[in-house]
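Visitor: In our numbering, the protein residues as written are 255 to 465. Every residue gets a Cβ at the ideal spot worked out from N, C-alpha and C, and that includes glycine.
(1) Quick one: what does DSSP say residue 397 is sitting in, helix, strand or coil?
(2) Apart from the five residues on each side of it in sequence, which residues of its chain come closer than 8 Å, Cβ to Cβ, to residue 318?
(3) What do you get for residue 454, buried or exposed, if any count of 16 or more other CB atoms within 10 angstroms of its CB means buried?
(4) Consult DSSP for residue 432 and reduce its assignment to one of helix, strand or coil.
(5) Using only alpha-carbon positions, find the residue among 331, 395 and 416 that is nearest to residue 404.
(6) Using beta-carbon positions only, say whether residue 441 and residue 432 come within less than 7 Å of one another.
(7) Using a threshold of 7 Å, state whether the C-beta atoms of residue 379 and residue 364 are closer than that.
(8) Could you check which residue in 384, 400 and 401 has the C-alpha nearest to that of residue 336?
(9) Got a sec? Which residues, its chain only, sit under 7 Å from residue 322 by beta carbon, not counting five neighbours each side?
(10) Would you mind reading off the limits of the beta strand (DSSP E) that contains residue 422?
(11) When the Cα atoms are used, what is the spatial distance from residue 443 to residue 398?
(12) Here's a check: name, in chain order, each residue in its chain whose Cβ is nearer than 6 Å to the Cβ of residue 345, leaving out the five neighbours to either side.
(13) For a minimum of 3 consecutive residues, which ranges assigned as the beta strand (DSSP E) are wholly contained in the region 280-316?
(14) Is the beta carbon of residue 297 less than 7 Å from the beta carbon of residue 370?
(15) Tell me whether residue 299 is buried or exposed, calling it buried when 16 or more other Cβ atoms sit within 10 Å of its Cβ.
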């Protein structure tokens, strides 16, 4: 399957990450016992635990080449991390399994993936994933006003309105800036465009929140 032609409803979005796209090929001839050992280590890593010794033991006891094993771990980690970020109200179990089938993941492995994503360890994985995600300050307050310069050093700017903005962020910092009307109109247009794209995304079946 081409990475640029993922179906719209995939939990992976519009483009399949290369480590996931190559996962089925790298899993060839891997038995379920070994798959589950790797999966257990990957889940522990997602929970923030140190898995160096476990992975070392797996590598030493396995006939899988080291490079191929690293690709398998990367692919499994990406599958789980991407799925965990989507609320279960939006990501349905059968849709998740169907996505993995389209990626040619063996059915037995799909069942194991699903048991992690929709099982009793999901809450712990969600908590760990949210803590590991980059955290940035959020906007707590936003104020603006229109200002008209009656007299300036440049006559061309006289009586030209501008928009003064002030943002207060969650870290307590303030940011003030002045925007010409032309740039403000450009900002309005781009915000409206983004909102439309978000609305289009919400209409897709995989992102619709069920009551």
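Guide: If we stick to the structure as given:
(1) In the chain shown, the residue the question calls residue 397 occupies position 143. If DSSP states are grouped into helix, strand and coil, residue 397 belongs with the strands.
(2) By one-based count along the chain shown, residue 318 stands at place 64. Closer than 8 Å at Cβ, skipping near neighbours: 284, 288 and 326.
(3) By one-based count along the chain shown, residue 454 stands at place 200. The residue is exposed, with fewer than 16 neighbouring Cβ atoms inside 10 Å.
(4) On the chain shown, position 178 is the one that residue 432 refers to. DSSP places residue 432 within a strand segment (E or B) once states are collapsed to three.
(5) Residue numbering aside, residue 404 sits at position 150 when the chain shown is read from its first letter. Closest option to residue 404, judged by alpha-carbon separation, among 331, 395 and 416: 416.
(6) Taking the chain shown and counting its residues from 1, the one referred to as residue 441 is at position 187. Taking the chain shown and counting its residues from 1, the one referred to as residue 432 is at position 178. No, they are not a contact pair.
(7) Stepping through the chain shown from its first residue, residue 379 is reached at position 125. Stepping through the chain shown from its first residue, residue 364 is reached at position 110. Not in contact: residue 379 and residue 364 (Cβ atoms no closer than 7 Å).
(8) By one-based count along the chain shown, residue 336 stands at place 82. Selected option, being the one with the closest Cα: 384.
(9) Residue 322 sits at position 68 when you count from the first residue of the chain shown. If we look at residue 322 and ignore the five residues flanking it on each side, its Cβ neighbours are 280.
(10) Along the chain shown, one-based indexing puts residue 422 at 168. Counting along the chain, the beta strand (DSSP E) containing residue 422 begins and ends at 414-423.
(11) Walking along the chain shown from the start, residue 443 turns up at place 189. Walking along the chain shown from the start, residue 398 turns up at place 144. Spanning the two alpha carbons is a distance of roughly 17 Å.
(12) Here residue 345 corresponds to residue number 91 of the chain shown, with the count starting at 1. Taking residue 345 as the centre and dropping the five residues before and after it, the same chain places the C-beta of 265 closer than 6 Å to its C-beta, in chain order.
(13) DSSP runs (the beta strand (DSSP E)) wholly in the region 280-316: none.
(14) Position 43 of the chain shown, counted from the first residue, corresponds to residue 297. Position 116 of the chain shown, counted from the first residue, corresponds to residue 370. Cβ atoms of residue 297 and residue 370: closer than 7 Å.
(15) Looking up residue 299 in the chain shown gives position 45. With 16 or more other Cβ atoms within 10 Å, it is buried.
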